[in-house]
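Novice: In this text, residue positions in the sequence shown follow the numbering used here: the first is 23, and each later residue adds one.
All residues carry an ideal CB built from backbone N, CA and C; glycine is no exception.
I have a structure I would like to understand better, so I am pasting it below and will then ask my questions one at a time.
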Amino acid sequence: MTRAGGRVAGAALAAVWAACGSTAQPHIERDDDAGPGVVIVKRTAGGVRLAEEVEPNDAAGHGQPLSPPGGVTATLASAADVDRVAVAADRAGWLAVAAAAPEGIDLVVELVGPGGALLARSDRGGAGVAEGMPNYPVEPGRYEVVVREYAPKRRRRKAPRTTPSPPYTLAVRWAPEPTELFEREPNAAERYARPVAIGGEVRGYIGWEGDKDRWLVPIDGAEPDEAVDIDVDGVDGVALQVAVSRAGSPVLQRAGAPGQALAIRSLALEAAGESPAPLALALTGKRSSFDEPYALRVSIRPLPYDAEAEPNDAPAQATPLAVEPGRSAGARRGALTPGDVDLYAVPVADARQQLDVAVEPASPGLDVAVALVLADGTVLGEADAGGPGAPDKLAGAGILPGARAFVRVQRKPGDASAADDVAPGYTVRWSLGAGGAIPRALVE
23 MTRAGGRVAG AALAAVWAAC GSTAQPHIER DDDAGPGVVI VKRTAGGVRL AEEVEPNDAA
83 GHGQPLSPPG GVTATLASAA DVDRVAVAAD RAGWLAVAAA APEGIDLVVE LVGPGGALLA
143 RSDRGGAGVA EGMPNYPVEP GRYEVVVREY APKRRRRKAP RTTPSPPYTL AVRWAPEPTE
203 LFEREPNAAE RYARPVAIGG EVRGYIGWEG DKDRWLVPID GAEPDEAVDI DVDGVDGVAL
263 QVAVSRAGSP VLQRAGAPGQ ALAIRSLALE AAGESPAPLA LALTGKRSSF DEPYALRVSI
323 RPLPYDAEAE PNDAPAQATP LAVEPGRSAG ARRGALTPGD VDLYAVPVAD ARQQLDVAVE
383 PASPGLDVAV ALVLADGTVL GEADAGGPGA PDKLAGAGIL PGARAFVRVQ RKPGDASAAD
443 DVAPGYTVRW SLGAGGAIPR ALVE
């Protein structure tokens, strides 16, 4: 999500509070017996009663008192103004915070702990874009919600705004107890990870900057010739990232563009063993979303004999180009998920070889680039002129005796096929013959 765009505050808060546009009676009543600064209100947002802002409230430790569920309607007196609300948490649970930014104002919302430490920050970007946290875990104590205006660098060179902003709404309430199929914060550490059943679906939020959710995928009973598929639905404005590990060792990771879904296909389980360690998944993202959760699904299926096996992004993990040893021609099938690069190891020979290879997209929108590379990244030949849905062919590529060479398949920059298919497939057709010219990269 860019700072120039994004969803307006009312729509975002409506998803969290079920109705965010504030409703108001004709006037606000002040209780003369309640003492200074106590306001009796008839204005609400999504069922949360709103008080008028009471200044001064910009110094740390001096926020306007609030008990959830509750909120305030406030203004930022200038671009440098800071508003604080002191939240009294009388029990352990999860706080949900939502701020509806006024038109033309780019808000930043922070949650500060009892000791003054910054716990969470929401800066999704864009004037008028709502900010908040959906389910931050708290213990009994005093917390502060801090609201300020974001100042981009280009604006800092100009005179800052000195007039009050339009009113904004800040609401705080208790988030519900999570169900078994929803994340339970805190879960940044693996010991707090919840299980994901094969064939099931779980949900969670990338709810603030730096939020990390961990999940465990038990693979007991999986067969050596089976593979895991992982899908994460996209979240508007969030560039999701997923990292997979087993027994503390990294396996692979994928990263998408803002709003893009993530997928991992054909994650091999050939080394699972009799008592396999579960797959550990860590989900993070650039930007956050307090009103739209992601959905995570995991499935297991037989791995076709001619399919690639992930991970195969690095030379040491490359899928053999030949389905069976000794073949000099054949075909492999693969898929290119967001952030994926596939490597296929060319059979090594004692004599000079010549490789012909064609990569045929199965999706009409997939635009691939194919290259013949060495383990150090040296490019021996490449082809990327095919265009979306068209095959790319590399003919007569020479390979020196004993050389470890790899066919590299990846999306071309700007490929938009993931918008329609998160894991478009392709077929690699190849053949090896004797001879072949010495690659130019090795003689220049």
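(1) Considering Cα atoms alone, identify which of 125, 129, 128 and 76 is closest to residue 108.
(2) For residue 113, does the three-state DSSP call read helix, strand or coil?
(3) For residue 370, which of 420, 310 and 362 has the nearest alpha-carbon?
(4) Tell me the DSSP bridge mates of residue 271?
(5) Less than 8 Å between C-beta atoms, sequence neighbours within five positions excluded: which residues of the same chain meet that for residue 291?
(6) Can you check DSSP and say which residues form a bridge with residue 447?
(7) Return the chain-ordered ranges of every beta strand (DSSP E) run that is complete within the region 331–406 and spans a minimum of 3 residues.
(8) Contact between the region 263–280 and the region 354–362: three or more CB pairs below 8 Å?
(9) Would you list the residues sitting across from residue 95 in a DSSP beta bridge?
(10) Could you pull out every residue in the same chain whose Cβ sits closer than 7 Å to the Cβ of residue 99, ignoring the five residues on either side in sequence?
(11) Is it true that the region 250–264 meets the region 311–322, where meeting means three or more beta-carbon pairs spaced less than 8 Å apart?
(12) List the whole-angstrom C-beta distance separating residue 234 from residue 210, where the pair is believed to meet the contact cut-off of C-beta under 8 Å.
(13) According to DSSP, simplified to helix, strand and coil, what is residue 171?
(14) Output the distance between the C-alpha atoms of residue 197 and residue 184, rounded to the nearest integer angstrom.
(15) Using DSSP's beta-bridge definition, name the partner residues of residue 233.
(16) Looking at C-alpha atoms only, which residue of 106, 86, 372 and 393 is the closest neighbour of residue 378?
(17) Here's a check: name, in chain order, each residue in its chain whose Cβ is nearer than 8 Å to the Cβ of residue 160, leaving out the five neighbours to either side.
(18) From what residue to what residue does the beta strand (DSSP E) around residue 142 run?
(19) To the nearest angstrom, how far is it from the Cα of residue 190 to the Cα of residue 96?
(20) Kindly indicate the opening and closing residues of the beta strand (DSSP E) around residue 86.
(21) Nearest to residue 388 by CA position, among 411, 366 and 194, is which residue?
(22) How many angstroms separate the CA atom of residue 416 from the CA atom of residue 426?
(23) Distance, Cα to Cα, residue 200 vs residue 123?
(24) My assumption, with CB atoms under 8 Å, is that residue 344 sits in contact with residue 352. Please give the rounded CB distance.
(25) Under the rule that 16 or more other beta-carbon atoms within 10 Å means buried, what is residue 436, buried or exposed?
(26) Grouping DSSP H, G and I as helix and E and B as strand, with all else coil, what is residue 206?
(27) Does the beta-carbon of residue 450 have 16 or more other beta-carbons within 10 angstroms, so that it is buried, or is it exposed?
(28) On the DSSP bridge list, what partners appear for residue 453?
(29) Just curious, the beta strand (DSSP E) that residue 251 is in, first and last residue?
(30) Roughly how many angstroms lie between the CA atoms of residue 428 and residue 342, to the nearest whole one?
(31) By the three-class DSSP mapping on this structure, what secondary structure does residue 214 have?
(32) By DSSP, does residue 185 sit in helix, in strand, or in coil?
(33) Grouping DSSP H, G and I as helix and E and B as strand, with all else coil, what is residue 154?
Specialist: Let's see:
(1) Counting from one through the sequence shown, the residue named residue 108 turns up at place 86. Nearest option by C-alpha distance: 76.
(2) Position 91 of the sequence shown, counted from the start, is the residue given in the question as residue 113. Judged by DSSP in its simplified three-state form, residue 113 adopts coil rather than helix or strand.
(3) Reading the sequence shown from its first residue, position 348 is the one you call residue 370. Measuring from the Cα of residue 370, the nearest candidate turns out to be 420.
(4) As a first step, residue 271 is located in the sequence shown; it is residue number 249 there, counting from the start. BP columns for residue 271 point to 268.
(5) Within the sequence shown, numbered from 1, the residue matching residue 291 stands at position 269. Within the same chain, residue 291 has close Cβ partners 241, 244, 245, 246, 248, 249, 250, 298 and 322.
(6) Stepping through the sequence shown from its first residue, residue 447 is reached at position 425. Looking at the DSSP assignment, residue 447 forms a beta bridge with 357.
(7) Secondary structure in the region 331–406: the beta strand (DSSP E) runs of 3 residues or longer, each lying completely within the stretch, are 351–357, 363–367, 375–383, 390–396 and 401–405 in chain order.
(8) Yes, the region 263–280 is in contact with the region 354–362.
(9) Here residue 95 corresponds to residue number 73 of the sequence shown, with the count starting at 1. Paired residues: 74 and 191.
(10) The sequence position of residue 99 within the sequence shown is 77, counting from 1. Non-local beta-carbon contacts of residue 99 in its own chain, meaning distances under 7 Å to residues more than five positions away in sequence, involve 186 in chain order.
(11) Yes: at least three Cβ pairs fall under 8 Å.
(12) As a first step, residue 234 is located in the sequence shown; it is residue number 212 there, counting from the start. As a first step, residue 210 is located in the sequence shown; it is residue number 188 there, counting from the start. The C-beta distance from residue 234 to residue 210 rounds to 4 Å, short enough to fall under 8 Å.
(13) Here residue 171 corresponds to residue number 149 of the sequence shown, with the count starting at 1. DSSP, reduced to helix, strand and coil, places residue 171 within a strand of the structure shown.
(14) In the sequence shown, the residue the question calls residue 197 occupies position 175. In the sequence shown, the residue the question calls residue 184 occupies position 162. Distance between the alpha carbons of residue 197 and residue 184 is about 36 Å.
(15) The count along the sequence shown starts at 1 and reaches residue 233 at position 211. Beta-bridge pairing links residue 233 to no other residue.
(16) Locating residue 378 in the sequence shown gives position 356, where the first residue counts as 1. With respect to the C-alpha of residue 378, the residue from 106, 86, 372 and 393 having the closest C-alpha is 393.
(17) By 1-based counting over the sequence shown, the position of residue 160 is 138. Around residue 160: 111, 114, 115, 116 and 117.
(18) Within the sequence shown, numbered from 1, the residue matching residue 142 stands at position 120. Unbroken beta strand (DSSP E) run through residue 142: 140–144.
(19) Along the sequence shown, read from residue 1 onward, the residue named residue 190 stands at position 168. Along the sequence shown, read from residue 1 onward, the residue named residue 96 stands at position 74. Counting only the Cα atoms, residue 96 lies some 6 Å from residue 190.
(20) Against the sequence shown, residue 86 aligns to sequence position 64. Residue 86 -> beta strand (DSSP E) spans 86–88.
(21) For the purposes of this step, residue 388 is taken as residue 366 along the sequence shown, with counting starting at 1. The shortest C-alpha separation from residue 388 is found at 411.
(22) For the purposes of this step, residue 416 is identified with residue 394 of the sequence shown, where counting begins at 1. For the purposes of this step, residue 426 is identified with residue 404 of the sequence shown, where counting begins at 1. About 18 Å.
(23) Translated into positions along the sequence shown, residue 200 becomes position 178. Translated into positions along the sequence shown, residue 123 becomes position 101. Each residue's CA atom was taken as its position, placing residue 200 and residue 123 some 27 Å apart.
(24) Position 322 of the sequence shown, counted from the start, is the residue given in the question as residue 344. Position 330 of the sequence shown, counted from the start, is the residue given in the question as residue 352. Approximately 6 Å separates the beta-carbon atoms of residue 344 and residue 352; this is inside 8 Å, confirming the contact.
(25) Counting from one through the sequence shown, the residue named residue 436 turns up at place 414. The residue in question, residue 436, is exposed, as its Cβ has fewer than 16 Cβ neighbours within 10 Å.
(26) In the sequence shown, counting from the first residue as 1, residue 206 sits at position 184. Note: residue 206 maps to coil in three-state DSSP.
(27) Residue 450 sits at position 428 when you count from the first residue of the sequence shown. The residue is buried, with at least 16 neighbouring Cβ atoms inside 10 Å.
(28) On the sequence shown, position 431 is the one that residue 453 refers to. Residue 453 is bridged by DSSP to 351 and 378.
(29) If you number the sequence shown from 1, residue 251 lands on position 229. Secondary structure note for residue 251: its beta strand (DSSP E) is the uninterrupted segment 248–254.
(30) What you label residue 428 is simply residue 406 of the sequence shown in a count that begins at 1. What you label residue 342 is simply residue 320 of the sequence shown in a count that begins at 1. In this model, residue 428 and residue 342 are separated by some 9 Å (Cα to Cα).
(31) Translated into the one-based positions of the sequence shown, residue 214 becomes position 192. In the three-state reduction of the DSSP assignment, residue 214 falls in the helix class, which pools H, G and I.
(32) Along the sequence shown, one-based indexing puts residue 185 at 163. Looking at residue 185 - three-state DSSP - the assignment turns out to be coil, as it is neither helix nor strand.
(33) For the purposes of this step, residue 154 is taken as the residue at position 132 of the sequence shown. In the structure shown, residue 154 adopts extended strand secondary structure according to DSSP, grouped into three states.
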